[in-house]
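The opening position of the sequence shown corresponds to residue 5 in the working numbering, with each subsequent residue numbered one higher. Glycine included, each C-beta is placed from N, C-alpha and C at the ideal position. Computed from a predicted model, the values in this text were never measured in an experiment.
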Amino acid sequence: MKRFHITVPATSANLGPGFDTLGLALDLAASLEVQVDPTRDRVALTNALDGADPENNLVVRAYREWGRREGVSLPGAQLSLSSEIPVGKGLGSSAACIVAGLAAAAAATESKHARERLLRYGTGMEGHPDNIAAAVMGGMTVAFQQDGEVRALPVANHLSMAIALFLPDEPLFTQEARALIPLRVPLEDAIYDLGRLGYLITALLWGRWDLIGPAMEDRLHQPYRADVIPALPAVMTAAREAGAFGAALSGGGPSVIALCPRGAEEGIAEAMCRRAAECGWQGTALLTRVRESGLSVREQKEEVASPETS
5 MKRFHITVPA
15 TSANLGPGFD
25 TLGLALDLAA
35 SLEVQVDPTR
45 DRVALTNALD
55 GADPENNLVV
65 RAYREWGRRE
75 GVSLPGAQLS
85 LSSEIPVGKG
95 LGSSAACIVA
105 GLAAAAAATE
115 SKHARERLLR
125 YGTGMEGHPD
135 NIAAAVMGGM
145 TVAFQQDGEV
155 RALPVANHLS
165 MAIALFLPDE
175 PLFTQEARAL
185 IPLRVPLEDA
195 IYDLGRLGYL
205 ITALLWGRWD
215 LIGPAMEDRL
225 HQPYRADVIP
235 ALPAVMTAAR
245 EAGAFGAALS
255 GGGPSVIALC
265 PRGAEEGIAE
275 AMCRRAAECG
285 WQGTALLTRV
295 RESGLSVREQ
305 KEEVASPETS
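(1) Taking the beta carbon of GLU192 as the centre, do at least 16 other beta carbons fall within 10 Å, making it buried, or is it exposed?
(2) Leaving out the 5 sequence neighbours to the left and right, which residues in its chain are closer than 6 Å to ASP31 when beta-carbon positions are compared?
(3) Excluding the 5 residues flanking LEU209 on each side, which residues of the same chain have their C-beta closer than 8 Å to its C-beta?
(4) Which residues in the same chain as ASP214 place their Cβ atom closer than 6 Å to its Cβ, once the five residues preceding and following it in sequence are excluded?
(5) Output the distance between the C-alpha atoms of PRO21 and ALA156, rounded to the nearest integer angstrom.
(6) What distance in whole Å lies between the Cβ atoms of GLY271 and ILE233, which are believed to be in contact at a cut-off of 8 Å?
(7) Closest to SER35 by CA distance: which of LEU85, ALA29, PRO172 is it?
(8) Mind checking THR2: buried by the 16 CB within 10 Å criterion, or exposed?
(9) State the start and end residues of the unbroken alpha helix (DSSP H) segment that holds VAL239.
(10) Can you tell me whether ALA17 is buried or exposed, with buried defined as 16 or more other CB within 10 angstroms of its CB?
(11) At 4 residues or longer, and completely inside the stretch 135-192: list those alpha helix (DSSP H) runs for me, N to C.
(12) If you draw a straight line from the C-alpha of GLU269 to the C-alpha of ALA262, how long is it?
(13) Counting only the same chain and skipping the five closest in sequence on each side, list residues whose C-beta sits under 7 Å from that of GLN82.
(14) Which residue spans inside the stretch 97-132 form an unbroken alpha helix (DSSP H) run of at least 4?
(15) Below 8 Å, can you find three or more Cβ-Cβ pairs linking the stretch 84-102 to the stretch 129-148?
(16) To the nearest whole angstrom, what separates the beta carbons of THR11 and SER300, a pair I think is in contact under 8 Å?
(17) Go ahead and label ILE195 buried or exposed: buried means 16 or more other beta carbons lie within 10 angstroms of its beta carbon, across all protein chains shown.
(18) With DSSP run on the structure shown, which of helix, strand or coil describes ASP214?
(19) Using a C-beta cutoff of 8 Å, does ASP222 count as contacting chain B?
(20) Does the separation of the CB atoms of MET220 and ALA251 fall below 8 Å?
(21) Kindly list the residues whose CB is nearer than 8 Å to the CB of GLY298, restricted to its own chain and excluding five residues on each side of it in sequence; keep chain order.
(22) How many angstroms separate the CA atom of GLN149 from the CA atom of LEU184?
(23) Which of the three DSSP states is assigned to CYS283 in this structure?
Right, here's the structure in full:
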């Protein structure tokens with residue numbers, strides 16, 4: 005039976021003005037062990053967390069979605085997931101599960117050149133391409149949907165900056181966070197974000213990280229989500245005052261991400277935690293880096309014991 009080891013990074017989406025388009029891979033990962041069993045059709049996650057049904061969870065649904073979209077019969081599989089990615093904190097845990105499940109099915113069916121389909125099917129399940137693109141490709145990515153296709157490009161993979169995260173104790177799940185955003189926004193707010201998005205990407209490409217602070221400001225989603233995260237502006241301001249290049253709500257939140265000079269991330273994280281506590285917002289800090297690589301799939305070869313010698 006074939007075995008595969010799959011790793012998928014955590015991701016932070018939006019980064020301020022890049023709502024549903026920008027994604028950043030973080031050096032935290034989910035790992036999926038896959039044992040393919042072609043003699044059966046049962047697919048189960050042996051260590052489903054939080055009481056999830058072993059045969060009806062996001063990883064298994066993604067595995068079966070690959071077969072449905074490809075029109076192929078899938079072999080059975082035993083799946084085992086371990087993850088460093090906090091759940092419900094805006095760090096792409098659902099995207100990681102989706103990408104892992106799709107990649108497992110692609111590997112099990114020996115599908116070649118699967119990246120474009122992974123992006124398309126993953127976005128179909130997630131609803132937006134930002135986290136999916138960064139999880140598949142690594143680094144910072146920009147993506148959008150057009151006529152059922154996902155257009156995704158790397159912005160930069162080698163961003164040698166540190167990441168400081170403030171992780172609130174209470175989660176905020178994506179569906180709840182998205183419900184806060186209006187379907188229509190004023191034209192001036194759209195222009196506000198468009199200018200900053202272009203400036204942010206350009207500054208990152210040119211290595212002018214010292215210029216990105218104002219470019220990570222936003223009017224399309226963060227002000228509305230601040231209605232349920234009232235300390236958000238104060239914590240982002242604290243990060244920048246402590247030396248961060250820029251700060252933003254991570255994805256739909258509630259975590260706050262700060263892009264930092266290397267060596268300064270610990271002090272910046274402490275400043276965010278201190279300001280949050282002053283506002284009555286309890287949480288912890290997490291330090292990480294940008295992950296250059298995205299999805300990884302490795303087949304695990306069975307080791308053959310060497311014959312005994314006399």
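Inspection of the coordinates gives the following:
(1) With fewer than 16 neighbouring CB atoms inside 10 Å of its own CB, GLU192 falls in the exposed class.
(2) So the list reads THR292, ARG293, ARG295, once near-sequence residues are dropped.
(3) Once the five neighbours on either side are set aside, the close Cβ partners of LEU209 are VAL159, ALA160.
(4) Excluding its 5 nearest sequence neighbours in each direction, ASP214 has no C-beta neighbour in its own chain below 6 Å.
(5) The alpha-carbon separation between PRO21 and ALA156 amounts to approximately 17 Å.
(6) The beta-carbon separation of ILE233 and GLY271, rounded to 23 Å, does not stay under the 8 Å limit for a contact.
(7) That would be LEU85, whose Cα lies nearest to the Cα of SER35.
(8) Here the chain covers residues 5 to 314 and nothing more, so residue 2 does not appear.
(9) Counting along the chain, VAL239 sits inside the alpha helix (DSSP H) bounded by residues 236-245.
(10) By the 10 Å Cβ count, ALA17 comes out buried.
(11) Whole alpha helix (DSSP H) segments, 4+ residues: 178-182.
(12) A straight-line Cα-Cα distance of about 8 Å links GLU269 and ALA262.
(13) Non-local C-beta neighbours of GLN82 in its own chain, meaning closer than 7 Å and more than five positions away in sequence, comprise GLN39, ASP41, ALA48, THR50, ordered along the chain.
(14) Listed in chain order, they are 97-112, 119-130.
(15) Yes: the two stretches touch, three or more of their Cβ pairs being nearer than 8 Å.
(16) Contact between THR11 and SER300 holds, with the beta-carbon distance rounding to 5 Å and staying under 8 Å.
(17) Classification for ILE195: exposed.
(18) DSSP places ASP214 in helix when its eight states are reduced to three.
(19) Any reference to chain B falls outside this structure, which holds one protein chain only.
(20) In this structure, ALA251 lies closer than 8 Å to MET220 by Cβ.
(21) Excluding residues within five positions, the ones whose Cβ falls inside 8 Å are VAL12, PRO13, ALA29, ALA138, ALA139, VAL140, MET141, GLY142, GLY143.
(22) So the alpha carbons of these two residues sit roughly 22 Å apart.
(23) DSSP places CYS283 in coil when its eight states are reduced to three.
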